[in-house]
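Novice:
2 protein chains.
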Amino acid sequence: MAICCFLAMGSVAQQQLGQRPRVKSPVINGDGTVTFNFYGPQAKRVSVNGDFRGTRGRRLEMTKQENGVWTATTDTLAPELYSYSFFVDGQRFTDPANSYVNRDISTLSNIFIVSRSADDRGHFYSVNDVPHGTLSYVWYDSPTLGQQRRMTVYLPAAYDGKKRFPVMYLLHGHGGDETSWGDLGRASQIMDNLIAEGKAVPMIVVMPNGNPTCNAAPGWWHEGMYTPDGNAFNQRGAKATMEESFMDIVNFVDDNYCTVRKRSGRAVTGLSMGGGHTFGISRLYPETFDYYGLQSAACRMPRDREKFDGQMARLFASNPKLYWIAIGKDDFLMQMNTELRKYLDEKHYPYEYYENDGGHIWRNWRIYLTLFAQKIFK
Amino acid sequence: MAICCFLAMGSVAQQQLGQRPRVKSPVINGDGTVTFNFYGPQAKRVSVNGDFRGTRGRRLEMTKQENGVWTATTDTLAPELYSYSFFVDGQRFTDPANSYVNRDISTLSNIFIVSRSADDRGHFYSVNDVPHGTLSYVWYDSPTLGQQRRMTVYLPAAYDGKKRFPVMYLLHGHGGDETSWGDLGRASQIMDNLIAEGKAVPMIVVMPNGNPTCNAAPGWWHEGMYTPDGNAFNQRGAKATMEESFMDIVNFVDDNYCTVRKRSGRAVTGLSMGGGHTFGISRLYPETFDYYGLQSAACRMPRDREKFDGQMARLFASNPKLYWIAIGKDDFLMQMNTELRKYLDEKHYPYEYYENDGGHIWRNWRIYLTLFAQKIFK
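Each protein sequence line maps, in turn, to chains D and W.
Quick note: the first sequence, position 129, residue 121 per my numbering, numbers continuous.
Quick note: the second sequence, position 133, residue 125 per my numbering, numbers continuous.
(1) So, with DSSP's three-state summary, where would you put residue 107 of chain D?
(2) Between residue 351 of chain W and the rest of its own chain, which residues show a CB-CB distance below 6 Å, the 5 nearest in sequence each way excluded?
(3) Excluding the five sequence neighbours on either side, which residues of its own chain have a C-beta within less than 7 Å of the C-beta of residue 118 of chain D, listed in chain order?
(4) Pick helix, strand or coil for residue 73 of chain D, following the three-state DSSP scheme.
(5) Would you give the residue range spanned by the beta strand (DSSP E) that residue 65 of chain W belongs to?
(6) Which ranges does the alpha helix (DSSP H) cover as unbroken runs of at least 4 residues, wholly within the segment 132 to 180 of chain D, from first to last along the chain?
(7) So what's residue 1 of chain D in DSSP terms, helix, strand or just coil?
(8) So which of D:155, D:98, D:94 and D:242 has the shortest CA-CA distance to residue 444 of chain D?
(9) Interface residues of chain D around residue 154 of chain W at Cβ under 8 Å?
(10) So which of D:64, D:275 and D:96 has the shortest CA-CA distance to residue 353 of chain D?
(11) Where in the segment 236 to 264 of chain D do unbroken runs of the alpha helix (DSSP H), each at least 4 residues long, occur, reported from the N-terminal end onward?
(12) Indicate whether at least one CB of chain W lies closer than 8 Å to the CB of residue 5 of chain D.
(13) Taking residue 115 of chain W as the reference, give the member of W:78, W:146, W:73 and W:127 with the closest Cα.
(14) Measuring only between beta-carbons, confirm whether residue 277 of chain D sits less than 8 Å from chain W.
(15) Against chain W, with Cβ distances strictly below 8 Å, would residue 310 of chain D count as a contact?
(16) Between the segment 109 to 126 of chain D and chain W, which residues of the former have a C-beta closer than 9 Å to a C-beta of the latter?
(17) Closer than 7 Å by C-beta to residue 271 of chain W: which residues in its own chain qualify, once you throw out the five before and the five after it? Chain order, please.
(18) Taking the C-alpha atoms as reference points, what is the distance between residue 337 of chain D and residue 356 of chain D?
(19) Going by the DSSP bridge assignment, what does residue 93 of chain D pair with across the sheet?
(20) Buried or exposed for residue 167 of chain D, please, with buried defined as at least 16 other CB atoms from any protein chain shown within 10 angstroms of its CB.
(21) In chain D, what lies closer than 8 Å to residue 105 of chain W by C-beta?
(22) Is there contact here, the segment 75 to 95 of chain D with the segment 23 to 30 of chain D, by at least three beta-carbon pairs under 8 Å?
(23) By Cβ distance, which residues of its chain are closer than 7 Å to residue 232 of chain D, with the 5 residues on each side in sequence left out?
(24) Among all the DSSP beta bridges, which residues are the ones paired with residue 199 of chain D?
(25) Near residue 13 of chain W, what residues of its chain come up, given a Cβ to Cβ distance below 8 Å and the 5 sequence neighbours on each side ignored?
(26) Using the C-alpha atoms, what's the distance from residue 344 of chain W back to residue 244 of chain D?
(27) Would you kindly work out how many angstroms separate the C-alpha atoms of residue -4 of chain W and residue 162 of chain W, rounded to a whole number?
(28) Give the secondary structure of residue 325 of chain D by DSSP, where H, G and I count as helix, E and B as strand, and everything else as coil.
(29) Determine, using beta carbons only, whether residue 149 of chain D comes closer than 8 Å to chain W.
(30) Indicate whether at least one CB of chain D lies closer than 8 Å to the CB of residue 82 of chain W.
(31) Does residue 131 of chain D get closer than 8 Å to chain W when you measure Cβ to Cβ?
(32) Quick one: which chain D residues come within Cβ less than 9 Å of residue 31 of chain W?
(33) Keeping to the same chain, check which residues put their C-beta closer than 8 Å to that of residue 92 of chain D; ignore five residues upstream and five downstream.
(34) Determine the contact status of residue 123 of chain D and residue 140 of chain W, defining contact as a CB-CB distance below 8 Å.
(35) How about residue 292 of chain W: is its C-beta nearer than 8 Å to some C-beta of chain D?
(36) Is there a Cβ of chain D sitting closer than 8 Å to that of residue 288 of chain W, yes or no?
So this is what it looks like as structure tokens:
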């Protein structure tokens, strides 16, 4: 097959290095520990790191065995989707034995899932034997931005082109794109599982690209296979902001899918920059959505306080069904969120608040999606 | 952001290793050469290999510079999509500076594209500023296999749910799945570009999973994140073969998309095992498709020659518009294809034959798709 030439290369390496052991990595052990293995007879130092070590965790050193395979086993891990990388003599690599990776900006990390029961987090992030929704990468026209743009659309398994479904707009953060929630956020797995268990109502999930100067994720538009970095996502030169162009997305979705075309059928939520977008969208289009979710949101209140006061008064006078703010205790945006909550409290505007452990990480955003999806359209 | 912890790890490595240079790799140079770079101050030997070295190419040794960055530059490369890997002290790795990868069975390889003009192969495999079709991962019910199964569907940019479009069924090889043609085969880029330039008519492309014992690609069904290998794709225990269950796919597509529901609107083509499936499908359903494309096909004629003769007589009596056989000079299935052509010649059955350089590789299948798509529905 196509990999013949690589197999041939592998056999050259075998001749040079002697009998090459077959390496399986990672191995999820029955006791909830996880073993990493790496073949590197000539390496001086090999370690593994990732979110299984905690936010500020230190690398787990691996030990070289006689057959040239380095190995390390974790403590018992809580059910979760984890990401990790190997460090071989100071250079970061993906695990050659694990083809499951996620991209975050320009970095690939391997992933694995620990699940021990049918109601733990690992289960909700896994592909289970349940009806599956359709995941589509759809191009739409944005008149406001003057661009053809790409979005990801999840249609629930029950979608048949006849029955109408409500829509959750799910927005990514700085450095992300229309693939982030599907890949890093496990959105289609979470929605499939929540819907199958009756914990969320069947809904359409729309994951647009929130960078007004990009048409699509890196590699999926005509800028080619560039190396994405933070600067690639700035808004300089954009014809409009994400918030100003947002109704292009809603109009396209209402025109092309069987949606509930009213406020009670629309929710918007996002993480970090996307939480900021949600905050802005809630003020710009106060009677368009009934459910808002600010996740670890970049929700700085604007300087023009008079205009802001008017927007917020109009928004809450319209009685949205949910204004949800979620953030982790260690999130670097906590201060900003605390200030917004203080403002809402002073004005007696009703909102729900959810605080958990951890910081500005995907582990939390998957939790927030799982919670938010169960609160809406009911 | 979510990669903060990895950036933090990176800075630890910097302190240990001194000033760490920023590495860009690969660099497509103006003269058509390509430079690979890799930071590995402690490595003893670093090389790069991939299909840019030819099918039986030897690794290109990289040279260590004073700053710890290993580098190598290729000769001028022909316009093409290439894949490669690094070999660091005998271990195969992906390039840490390149987040663009393709998976082939269980192996990730980095990719890059060389293009010098708007009519070369690299151009056809690139995302250009043209109208883009929709790429969807769709679940369907297969009554014959008793499974919920996943397929990839490309809808042309002009698809609006009203106008009817013809359908090309595009089948993968052994070890592949419903993602292979979209990822390794660049099917959506090729179709977008051919249609935009008027070289192919707008059409729907359906890329099903041809492994009757798998519901979907690795990681996308309830078997979890297993390490795929050749054995995972055997047909033992399957309720039916791919060919026997194939009309489940056609019926689902006709029921759920705006298709031309007759023979003149249906083509089927596949590579290797998928070429064998095409060969079988052409005999089982002789008046269902008007266009057949056998690419590097595993097209062994069955032992029951009397039954086979009858099937082939019926097939060619029905006057299909195209029976296309394509294979590379060095393909290990050449003998099988030569025997089939000899049979067709003896029977005076009309077919078209295309032979080019190279073997059983994706480079050829992308070429065959580009050629076949221009021959059908005209």
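C-beta: ideal position from N, C-alpha, C; glycine also.
Specialist: In terms of the structure at hand:
(1) Position 115 of the first sequence, counted from the first residue, corresponds to residue 107 of chain D. In the structure shown, residue 107 of chain D sits in coil (DSSP, three-state: anything other than H, G, I, E or B).
(2) The residue given as residue 351 of chain W occupies position 359 in the second sequence. Once the five neighbours on either side are set aside, the close Cβ partners of residue 351 of chain W are 47, 320, 322 and 323.
(3) For the purposes of this step, residue 118 of chain D is taken as residue 126 along the first sequence, with counting starting at 1. Here the set comprises 105, 107 and 181.
(4) Working through the first sequence from its first residue, we reach residue 73 of chain D at position 81. Residue 73 of chain D falls in the strand class under three-state DSSP.
(5) If you number the second sequence from 1, residue 65 of chain W lands on position 73. Residues 61 to 65.
(6) 172 to 175
(7) Within the first sequence, the letter at position 9 stands for residue 1 of chain D. For residue 1 of chain D, the predicted structure reports a pLDDT of 39, less than 50, and the residue's modelled location is therefore unreliable. A value from the coordinates is still provided. Of the three classes helix, strand and coil, the one that applies to residue 1 of chain D here is helix, per DSSP.
(8) There is no way to answer for residue 444 of chain D, as the model of chain D reaches only from -7 to 370.
(9) As a working mapping, residue 154 of chain W is identified with position 162 in the second sequence. Under the 8 Å cutoff, chain D gives no residues; its nearest Cβ is about 12 Å from residue 154 of chain W.
(10) Within the first sequence, the letter at position 361 stands for residue 353 of chain D. Answer by Cα proximity: D:96.
(11) Within the segment 236 to 264 of chain D, the complete alpha helix (DSSP H) runs of at least 4 residues are 238 to 248.
(12) Numbered from 1 along the first sequence, position 13 holds the residue referred to as residue 5 of chain D. Model confidence at residue 5 of chain D stands at a pLDDT of 39, short of 50, so the residue's coordinates are unreliable; what they give is reported in the following sentence. At a cut-off of 8 Å between beta-carbon atoms, residue 5 of chain D makes contact with chain W.
(13) Working through the second sequence from its first residue, we reach residue 115 of chain W at position 123. It is W:73 whose Cα lies nearest to the Cα of residue 115 of chain W.
(14) By one-based count along the first sequence, residue 277 of chain D stands at place 285. For residue 277 of chain D, the answer is no, since every Cβ of chain W falls outside 8 Å of its Cβ.
(15) Residue mapping note: residue 310 of chain D aligns to position 318 of the first sequence, counting from 1. So no, residue 310 of chain D is outside the interface.
(16) 118, 119, 120, 121, 122, 123, 124, 125 and 126
(17) Along the second sequence, read from residue 1 onward, the residue named residue 271 of chain W stands at position 279. Once the five neighbours on either side are set aside, the close Cβ partners of residue 271 of chain W are 286, 289 and 291.
(18) On the first sequence, residue 337 of chain D is found 345 positions in, with the first residue counted as 1. On the first sequence, residue 356 of chain D is found 364 positions in, with the first residue counted as 1. If you draw a straight line from the Cα of residue 337 of chain D to the Cα of residue 356 of chain D, it is about 25 Å long.
(19) Counted from its first residue, the first sequence places residue 93 of chain D at position 101. Beta-bridge pairing links residue 93 of chain D to D:102.
(20) The sequence position of residue 167 of chain D within the first sequence is 175, counting from 1. Under this definition residue 167 of chain D is a buried residue.
(21) Position 113 of the second sequence, counting from 1, holds the residue named residue 105 of chain W. Going along chain D in sequence order, the residues near residue 105 of chain W (Cβ under 8 Å) are 216 and 217.
(22) Because the criterion of three Cβ pairs below 8 Å is met, the segment 75 to 95 of chain D and the segment 23 to 30 of chain D touch.
(23) For the purposes of this step, residue 232 of chain D is taken as residue 240 along the first sequence, with counting starting at 1. Cβ within range, chain order: 136, 137 and 204.
(24) Position 207 of the first sequence holds residue 199 of chain D. In the DSSP output, where bridge partners are listed per residue, residue 199 of chain D has D:144.
(25) Here the question's residue 13 of chain W lines up with position 21 in the second sequence. Answer for residue 13 of chain W: 31, 59, 60 and 61, listed in chain order.
(26) Here residue 244 of chain D refers to the residue found at position 252 of the first sequence. Here residue 344 of chain W refers to the residue found at position 352 of the second sequence. Approximately 44 Å between the Cα atoms of the pair.
(27) Position 4 of the second sequence holds residue -4 of chain W. Position 170 of the second sequence holds residue 162 of chain W. Any answer about residue -4 of chain W is weak, because its pLDDT of 38 lies below 50 and its placement is not dependable; what the coordinates show is given next. A straight-line Cα-Cα distance of about 42 Å links residue -4 of chain W and residue 162 of chain W.
(28) By 1-based counting over the first sequence, the position of residue 325 of chain D is 333. Annotated three-state conformation of residue 325 of chain D is coil, per DSSP.
(29) As a working note, residue 149 of chain D is residue 157 in the first sequence. So, interface residue.
(30) Taking the first residue of the second sequence as 1, we reach residue 82 of chain W at position 90. Closer than 8 Å to some Cβ of chain D, the Cβ of residue 82 of chain W qualifies, so yes.
(31) Counting from one through the first sequence, the residue named residue 131 of chain D turns up at place 139. Yes, because at least one Cβ of chain W sits closer than 8 Å to the Cβ of residue 131 of chain D.
(32) Counted from its first residue, the second sequence places residue 31 of chain W at position 39. Among the residues of chain D, those whose CB is under 9 Å from the CB of residue 31 of chain W are 82 and 83, following chain order.
(33) Numbered from 1 along the first sequence, position 100 holds the residue referred to as residue 92 of chain D. Excluding residues within five positions, the ones whose Cβ falls inside 8 Å are 102, 103 and 104.
(34) Within the first sequence, numbered from 1, the residue matching residue 123 of chain D stands at position 131. Within the second sequence, numbered from 1, the residue matching residue 140 of chain W stands at position 148. Closer than 8 Å, so yes.
(35) Counted from its first residue, the second sequence places residue 292 of chain W at position 300. Taking Cβ atoms only, chain D never reaches closer than 8 Å to residue 292 of chain W, which makes this a no.
(36) The count along the second sequence starts at 1 and reaches residue 288 of chain W at position 296. No - not a single Cβ of chain D is within 8 Å of the one on residue 288 of chain W.
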